[in-house]
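A.B. asks: Once you've had a glance at the structure underneath, I'll fire off some questions.
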Amino acid sequence: MVVKDGRSKVVTSDNILIAVGSLPAPGLFAESDLVVTSDELLQITSLPRRFAMVGAGVIGIEYASMFAALGIDVTVVDKRSRPLEFLDEELVDELLHQMRNMGATFRLGEAVERLEVVENPSQRVVIFLESGKRLVSDLTLFSAGRQGATDRLNLPAAGLKADGRGRLTVDRAYRTNVSHIFAAGDVIGFPSLATTSAEQGRLAACTAFDIDTDPMAPHFPIGIYAIPEMSAVGEPEHVLTARKVPYESGVTRYREIARGHIMGDDSGFLKMLFHRENHRLLGVHAVGTGATELIHIGQAVLGLGGGLEYFLSTAFNYPTLAECYKVAALDAFNKLA
386 MVVKDGRSKV VTSDNILIAV GSLPAPGLFA ESDLVVTSDE LLQITSLPRR
436 FAMVGAGVIG IEYASMFAAL GIDVTVVDKR SRPLEFLDEE LVDELLHQMR
486 NMGATFRLGE AVERLEVVEN PSQRVVIFLE SGKRLVSDLT LFSAGRQGAT
536 DRLNLPAAGL KADGRGRLTV DRAYRTNVSH IFAAGDVIGF PSLATTSAEQ
586 GRLAACTAFD IDTDPMAPHF PIGIYAIPEM SAVGEPEHVL TARKVPYESG
636 VTRYREIARG HIMGDDSGFL KMLFHRENHR LLGVHAVGTG ATELIHIGQA
686 VLGLGGGLEY FLSTAFNYPT LAECYKVAAL DAFNKLA
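Here it is in structure tokens:
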């Protein structure tokens with residue numbers, strides 16, 4: 386039964402796909418329009434002079450970098466010692482460096498104890514940290530992650546149960562424990578990307594209509610739309626190191642290629658990781674202008690099982706960012722030699 390504006394309608398179907406997305410997870414909120422979630426931030430009508438970001442996840446970092454680029458005094462607080470831990474550490478280091486150059490301040494390893502809104506001499510938010518520090522902001526974005534938007538679905542009526550963050554469990558075909566009900570997108574959790582969510586929905590629909598299809602490719606790109614952009618596909622260095630996989634890296638700095646000079650981006654870079662023994666591509670990591678577009682070349686080679694020899698033997702348009710792949714491959718070749 387679907388209920389809206391006091392009216393209800395019974396809808397039946399042989400198959401049902403739940404793709405309701407997610408909502409900001411609850412956190413330390415104050416009763417004030419000066420403390421907002423990522424959804425509410427889009428409704429502000431003026432820019433603050435001081436902006437505080439509590440939570441350095443993907444959404445937090447993206448918004449913090451945008452505000453910093455506008456010349457706003459930005460402070461980012463997170464109890465973790467490093468933000469975006471799933472990304473290659475060198476990418477994150479470059480992002481933090483550039484954000485600090487824009488004036489952002491990072492309070493990492495710090496937890497928030499409480500928030501207070503004070504009125505005098507002007508309305509502002511005071512953030513009390515567990516360490517005893519106090520931060521003052523004109524606007525605070527609290528980003529404690531997101532949770533599945535399932536609380537209004539009456540899941541028990543359909544024989545379903547969500548976890549503590551409102552997410553549904555599915556099998557490899559995106560089928561829930563109820564055989565004719567499927568779920569896809571943010572509501573099933575990681576990776577919670579628009580690209581993967583769309584593909585999950587397509588695969589779920591194919592299964593529902595008994596259409597044979599291959600599972601989603603294991604190597605999907607990650608895009609962080611911060612300033613600068615970051616993107617990755619495959620394994621980062623710290624994961625390969627933990628798994629004791631022998632690898633070598635090849636790196637290109639944007640300042641080494643013509644397109645980098647044309648764009649005026651002298652700090653971006655692309656890094657490729659190759660297996661030392663068979664030279665197979667293991668991962669591609671990029672930060673800088675157009676990184677989320679540049680990554681797709683590496684994604685294709687990775688998905689097709691290619692490696693160093695492909696990049697050494699092919700040519701790329703000049704002047705393009707794609708030349709980064711050639712230069713990075715030559716760098717890796719020289720190291721392996």
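For the sequence shown, the numbering used here begins at 386 and goes up steadily by one. Positions of the beta carbon are idealized from the N, C-alpha and C atoms, including for glycine.
1) Once DSSP output is grouped into helix, strand and coil, what is the label at H729?
2) Taking the alpha carbon of S634 as the point to measure from, which residue in F575, R537 and A671 has its own alpha carbon closest?
3) Alpha carbon to alpha carbon, what distance is there between D716 and E678?
4) In angstroms, rounded to a whole number, what distance separates the CA positions of T744 and E495?
5) Can you give me the C-alpha to C-alpha distance between G608 and G517, rounded to a whole angstrom?
6) Quick one: grab the DSSP three-state call for I573.
7) Beta-carbon separation of R537 and D571 under 8 Å?
8) State the Cα-Cα distance for the pair Q508 and A627, rounded to the nearest angstrom.
9) Select from L666, A568 and Y448 the residue whose C-alpha is nearest the C-alpha of V686.
10) Kindly indicate which residue of F654, A617 and I642 has the alpha-carbon position closest to the one of I680.
11) Considering only C-alpha positions, which residue in the set F594, A700 and S423 is nearest to G445?
12) Express the C-alpha separation of S564 and N400 in angstroms, rounding to a whole number.
13) Closer than 6 Å by C-beta to T525: which residues in its own chain qualify, once you throw out the five before and the five after it? Chain order, please.
14) Using the beta-carbon count (16 or more within 10 Å), is L697 buried or exposed?
15) Under 8 Å between the Cβ atoms of F659 and L689?
16) Given a cut-off of 8 Å on the beta-carbon distance, is the pair I642 and V555 in contact?
17) Look at the alpha carbon of F471 and the alpha carbon of A714, and state the distance between them as a whole number of angstroms.
18) Measure the C-alpha to C-alpha separation of H584 and I512 and round it to an integer number of angstroms.
C.D. replies: Inspection of the coordinates gives the following:
1) Past the boundaries of the shown model lies residue 729; the chain is included only from 386 to 722, so the question cannot be answered.
2) A671
3) 22 Å
4) Outside the displayed range of the chain (386 to 722) lies residue 744, so it cannot be described from this structure.
5) 36 Å
6) helix
7) no
8) 48 Å
9) L666
10) A617
11) S423
12) 9 Å
13) V420, A437 and V510
14) exposed
15) no
16) no
17) 24 Å
18) Checking the sequence shown, residue 584 turns out to be Glu, not His. Distance between the alpha carbons of E584 and I512: 40 Å.
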